[in-house]
Every structure is written in C-alpha cells, then in structure tokens.
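Numbering (this note's numbering), first residue to last: 5 to 183.
Ideal Cβ positions, reconstructed from N, Cα and C, are used throughout, including at glycine.
Comments concern the structure below.
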C-alpha cells in the first residue's frame, strides 16, 4: 500500500509539473499572439490588400492559407486569419462554462499560432489574427462588415463528394448576399 501511495504521489507531482509547463507554454503563445495582433493591424487608408483566411482543421484550409500568403506577398498585401470557436454547451454553471471557454481559447490560440508561423515564413510579416466565438458563417459575416480593410476572402474548397465545404456552400448560396 505504501508503494502504491508513493507512486500515486509521484504521478500527481509529475502531472502538476506538466500542467504548470503547459500553462507557461500557453502564456508564451498568448503573448506572441497579442504582439502579432498589435503589430499587424493594417491601415485601411493605405490601400493595402488584406487576404482573410478562415482557420480550421480542414485540409482545404492549408491550401487557402498558402494561396493567400502567395498572393499577399506578390501584391504587397497582408494576410489575416479568423478562428471561430464553438460556444460552450451547457449554460448551467457559469464557472464551468468559463473554464470551457478558456480551454477553447487556449486551443484556438495554439492552432492559430501554428498557422501564423506559416504565414510569417511565407510573407515575412505577421498576420492579423481574429479569434471569435459563435457560428463560423455568422462571425465571418460580422468581421467582413466591421473591418473594411479586408479586401479578399480566401476559402478552400473540398474536392470530395461531400461538396465544397460549409462556408463555401453558405456564401455561394442564400448567404452570399451578406458579403
């Protein structure tokens, strides 16, 4: 029993150290994202073209990002990235919902940071980053209405039998008028 208790205590210590390390990594990534946002806001008066990519985990997104980066570099423009988090489910307990929201935000920042690194390596400039909560289509439409510096929306289209993807379908159908 004593050995089991010691093993359990050692595991808890290791888990606590790992959690602390992960927390510090997340803080560093957040600082990097905040610096990236502060530096990269495009002035709408400059005429600079801003290419917006919606960041998600689809394989099409990588193609859209690479295309946007190549076009931005070639035309002297910038890349912007939008990541939309799903709202937390279960609105009963406020503290649980806030914890879920915080974890989703950390995940979003991690994903966006990886893709931001690609954009920096391809264009030489940090992208503008937008992280929002809600439905992708709705948040995208809101962002396009709010930020007039965004001039090009770059969406990747799936090539499988399921269709081009939800955003492409939404904006080429009835919601296309929102653009």
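Item, Value
"When we look at the beta-carbon of residue 16 and count the other beta-carbons within 10 Å, is it buried (16 or more) or exposed?", "exposed"
"Give me the Cβ distance between residue 127 and residue 77, rounded to the nearest whole Å; I'm assuming they're in contact under 8 Å.", "5 Å"
"Given a threshold of 16 other Cβ atoms within 10 Å of its Cβ, counted over all protein chains shown, does residue 106 qualify as buried or as exposed?", "exposed"
"From 103, 133 and 90, pick the residue whose C-alpha is nearest to that of residue 142; which is it?", "90"
"Quick one: what's got a C-beta closer than 8 Å to residue 12's C-beta in the same chain, skipping five residues either side?", "none"
"Mark residue 43 as exposed unless 16 or more other C-beta atoms lie within 10 angstroms of its C-beta, in which case mark it buried.", "Caution is warranted here: a pLDDT of 38 is assigned to residue 43, below 50, making its placement in the model unreliable, and no coordinate value can be reported."
"To the nearest angstrom, how far is the alpha carbon of residue 55 from that of residue 8?", "57 Å"
"Can you give me the Cβ contacts of residue 138 inside the same chain, cut-off strictly under 7 Å, excluding the 5 residues immediately before and after it?", "88 and 91"
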